[in-house]
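Participant: The structure follows.
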Amino acid sequence: MTNTAIAQEENLQTRIAQALVSEGKLVDALVLEDLAGVDELHVGGLETIWPIIGSLDVGPGDVTLDLGSGLGGPARFVARETGSRVVGVDLSAETTQAGNVMSEWVGLAGQVELDVADVCHVPHKPESFDAALSVHVHMFLQTPEKLFAEAFRLLKPGGRLVILDPIRCADEPLHYPVPWASDAATDNILHEAELEALAVGAGFRHHTRSDLSALAIDWFGATFSRISEMGGPPPLGLHLVMGPDFPTFALNAFQNLKDEKIALLHFVFEKP
150 MTNTAIAQEE NLQTRIAQAL VSEGKLVDAL VLEDLAGVDE LHVGGLETIW PIIGSLDVGP
210 GDVTLDLGSG LGGPARFVAR ETGSRVVGVD LSAETTQAGN VMSEWVGLAG QVELDVADVC
270 HVPHKPESFD AALSVHVHMF LQTPEKLFAE AFRLLKPGGR LVILDPIRCA DEPLHYPVPW
330 ASDAATDNIL HEAELEALAV GAGFRHHTRS DLSALAIDWF GATFSRISEM GGPPPLGLHL
390 VMGPDFPTFA LNAFQNLKDE KIALLHFVFE KP
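Letter by letter, the sequence shown follows residues 150 to 421 in my numbering.
Quick look at the structure:
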């Protein structure tokens with residue numbers, strides 16, 4: 150790892166810690182909800198995490214895999230709410246290191262482990278996990294079928310794969326840039342039927358599907374209202390991770406949802 154990469158990791162962790170202090174929160178007296186403004190790197194924030202937790206069907210003694218874990222926000226909530234141990238994998242060393250420190254802050258370092266790895270090539274043996282989740286990942290992948298194949302390989306029989314992703318609803322162009330793509334040429338977002346076909350093609354059975362778009366639209370509206378009332382974003386927010394262009398990304402994602410160009414869907418697949 151280069152010195153530049155190490156400095157970037159330290160900077161992200163430091164920025165988050167400084168933002169917490171700016172909001173009057175002590176690092177040694179945090180609860181998970183205190184971190185949600187920055188570590189829930191997905192549309193809908195905490196409101197969309199509860200359906201995921203409820204559909205994983207895990208408990209104490211189980212091991213859950215988070216494919217594309219980012220800072221570990223969903224992983225920590227799964228661990229706290231279910232008692233499951235959670236292993237997360239993400240390509241970003243920056244967010245992984247910061248996420249492991251954040252787990253220490255809330256007393257979950259022994260239950261949540263975030264590792265640097267490719268979600269399509271996870272260094273674990275077959276049938277190592279009781280359940281898996283993937284939140285806002287497939288759109289970044291040129292070969293998303295490998296994600297489903299890897300999840301199938303890693304899950305025990307009967308294990309569930311839970312996905313929360315934006316899905317394309319129409320063939321017309323989206324408003325760009327969005328959090329996962331700068332333009333249409335770099336956007337790998339799938340239609341619902343395409344995603345389901347990849348899951349079934351990997352060997353999964355379709356279990357359930359629900360549309361959380363209305364919840365996401367309400368969340369965006371409430372978020373932008375708070376920012377307007379405050380005259381700017383709060384110290385602790387997704388801009389710390391996604392950079393100064395985050396407001397543009399978010400506004401375009403919001404508009405795409407309202408225009409029904411995309412939907413936020415929650416899928417549950419099961420390995421026979």
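For glycine and all other residues, C-beta sits at the position ideal for the given N, C-alpha and C.
Start and end of the beta strand (DSSP E) containing Thr-292?
Facilitator: Careful: Thr-292 lies outside any beta strand (DSSP E) and carries neither H nor E.
Participant: Report the option in Ser-233, Tyr-325, Glu-230 and Gly-219 whose CA atom is closest to the CA atom of Ser-241.
Facilitator: Gly-219
Participant: Which same chain residues end up closer than 7 Å to Val-180 when comparing Cβ atoms and leaving out the 5 residues on each side of it in sequence?
Facilitator: Val-255
Participant: Could you tell me which whole beta strand (DSSP E) segments of length 3 or greater appear in the region 202 to 268?
Facilitator: 212 to 216, 234 to 239 and 261 to 265
Participant: How far does the beta strand (DSSP E) with Gly-307 in it reach, from first residue to last?
Facilitator: 304 to 317
Participant: Among the candidates Val-265, Thr-197, Ala-247 and Asp-188, whose CA atom is the shortest distance from the CA of Leu-216?
Facilitator: Comparing alpha-carbon positions, the option among Val-265, Thr-197, Ala-247 and Asp-188 lying closest to Leu-216 turns out to be Val-265.
Participant: With Leu-310 and Ser-277 assumed to form a contact (beta carbons below 8 Å), what rounded beta-carbon distance in angstroms separates them?
Facilitator: With 8 Å as the limit, Leu-310 and Ser-277 do not qualify as a contact, their Cβ atoms being about 14 Å apart.
Participant: When you compare the CB positions of Ala-351 and Phe-289, do they come within less than 9 Å of one another, or not?
Facilitator: Against a cut-off of 9 Å, the Cβ pair of Phe-289 and Ala-351 comes out as no contact.
Participant: If we ignore side chains and look at the alpha-carbon of each, how far apart do Arg-317 and His-340 end up?
Facilitator: 5 Å
Participant: As a quick exercise: from Thr-197, Gln-260, Val-238 and Gly-248, pick the residue whose alpha carbon is nearest that of Ala-228.
Facilitator: Closest in alpha carbon position to Ala-228, among Thr-197, Gln-260, Val-238 and Gly-248, is Gln-260.
Participant: Apart from the five residues on each side of it in sequence, which residues of its chain come closer than 6 Å, Cβ to Cβ, to Glu-172?
Facilitator: Pro-384 and Leu-385
Participant: Note down the Cα distance separating His-270 from Leu-313, rounded to an integer number of angstroms.
Facilitator: 20 Å
Participant: CA-CA distance, Asp-188 and Leu-387?
Facilitator: 8 Å
Participant: Drop a sphere of 10 angstroms on the beta-carbon of Pro-293, count the other beta-carbons inside from all chains shown, and report buried for 16 or more, exposed for fewer.
Facilitator: buried
Participant: Keeping to the same chain, check which residues put their C-beta closer than 7 Å to that of His-273; ignore five residues upstream and five downstream.
Facilitator: Leu-303
Participant: Check for me: the alpha helix (DSSP H) holding Ala-412 runs from which residue to which?
Facilitator: Note, Ala-412: premise wrong, no alpha helix (DSSP H); beta strand (DSSP E) at 411 to 419.
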